[in-house]
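Taken in order, these protein sequences are the chains called H and E. Take the first sequence: its position 118, counted from the start at 1, is 514 in the working numbering, and no numbers get skipped. Take the second sequence: its position 39, counted from the start at 1, is 20 in the working numbering, and no numbers get skipped. Glycine included, every Cβ here is placed at the ideal spot set by N, Cα and C. For reference, the structure discussed in these notes is given below.
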Amino acid sequence: EVQLQQSGPELQRPGASVKLSCKASGYTFTEYYMYWVKQRPKQGLELIGRIDPEDGSTDYVEKFKNKATLTADTSSNTAYMQLSSLTSEDTATYFCARLRGYGDFDYWGQGVMVTVSS
Amino acid sequence: DIQMTQSPSSMSVSLGDRVTITCRASQDIGNYLSWYQQKPEKSPKLMIYGATNLEDGVPSRFSGSRSGSDYSLTINSLESEDTGIYFCLQHKQYPRTFGGGTKLELK
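What follows is the structure, encoded as structure tokens:
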């Protein structure tokens, strides 16, 4: 069974950084791109970027290029997203999602809530 | 970026209703569109892919269609478990972009 297990909720101060994890199981980690998606309270979904776990190559949506850094550890089948210089605008739930061949997201992590507050 | 304009933003519906949600693409996306259902505090669930294909395990009362740049998700005979928020997603062009969402609530 495919599962994407994300790390727990985070409470961070403005200006801090946070690193979120997404541990994949039930499939070959390197065969699927992993995407990260942002959802702010009562708002829609916003794509952040993706990583190819096979070679570590990444693509970011322009507005997140200086905000998010995506990495992957093939030894532990885990994808990571680091968010830097946190502000209140980063308060959101973040999902990892697996991209399949059709181009859609067939499996999602459970989401992790990041709260930025002083 | 391709804009996906989703309507309506919310609907108050009754059990047994036929419900249609629409996304309009600002550029040609072919059939590179999928639909997701999201329950409160849960992650999105893939319902329809390739604009018209039902994902495995999704009830047959759900269907997807396309008319030009308009893409629709239809639920025939709404059941209580169908409430939630529905999003469309285009993946013709990077970056993939989502519709704004439609919240389905029971009257």
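By the Cβ neighbour-count rule, TYR490 of chain H is buried, with 16 or more other Cβ atoms within 10 Å of its own. Taking C-beta atoms as the reference points, THR78 of chain E and GLN(-16) of chain E count as a pair closer than 8 angstroms. Beta-bridge partners assigned by DSSP to ASN34 of chain E: E:TYR30. Contact with chain E is found for TRP504 of chain H, since one of that chain's Cβ atoms lies less than 8 angstroms from the residue's Cβ.
DSSP, read as helix, strand or coil, puts THR426 of chain H in helix.
Contact between the stretch 68 to 78 of chain E and the stretch 15 to 29 of chain E is established, with three or more Cβ pairs separated by less than 8 angstroms. Annotation for VAL508 of chain H: the continuous beta strand (DSSP E) segment containing it runs 508 to 512.
The count of Cβ pairs closer than 8 angstroms, one atom from the stretch 45 to 56 of chain E and one from the stretch -12 to 7 of chain E, reaches three, so the stretches are in contact. Bridge pairing for PHE501 of chain H: H:LEU495 [DSSP]. Contact annotation, SER(-9) of chain E with THR64 of chain E: C-beta distance approximately 11 angstroms; criterion of less than 8 angstroms not satisfied. The residue among H:VAL398, H:ARG446 and H:SER513 with its C-alpha nearest the C-alpha of LEU482 of chain H is H:SER513.
A residue is called buried once 16 or more other Cβ atoms fall within 10 Å of its Cβ, and TYR75 of chain E, having fewer, is exposed. Beyond the five residues adjoining it in sequence on each side, GLN8 of chain E comes within less than 6 angstroms, by CB distance, of ILE(-17) in the same chain, given in chain order. Taking a Cβ-Cβ threshold of 9 angstroms, the residues of chain H close to PHE79 of chain E are VAL433, GLY440, LEU441, GLU442 and LEU443, in chain order.
Runs of the alpha helix (DSSP H) spanning 4 or more residues and lying entirely within the stretch -3 to 21 of chain E do not occur at all. Under the three-state reduction of DSSP output, ASP51 of chain E falls in the strand class. Leaving aside the five residues that flank ILE10 of chain E on each side, the residues in its chain whose CB is nearer than 6 angstroms to its CB run, in chain order, GLN71 and LYS73. Where LEU87 of chain E is concerned, the enclosing beta strand (DSSP E) starts and stops at 83 to 87.
Between TYR428 of chain H and LEU479 of chain H, the C-beta gap is not smaller than 8 angstroms, which leaves the two residues out of contact. Interface criterion not met: the Cβ of GLY452 of chain H is under 8 angstroms from no Cβ in chain E.
Apart from the 5 residues on each side of it in sequence, ALA420 of chain H sits with its Cβ closer than 6 angstroms to the Cβ of LEU400 and ASN473 in its chain, given in chain order.
Residue state for GLU450 of chain H is assigned as coil, using DSSP reduced to three classes.
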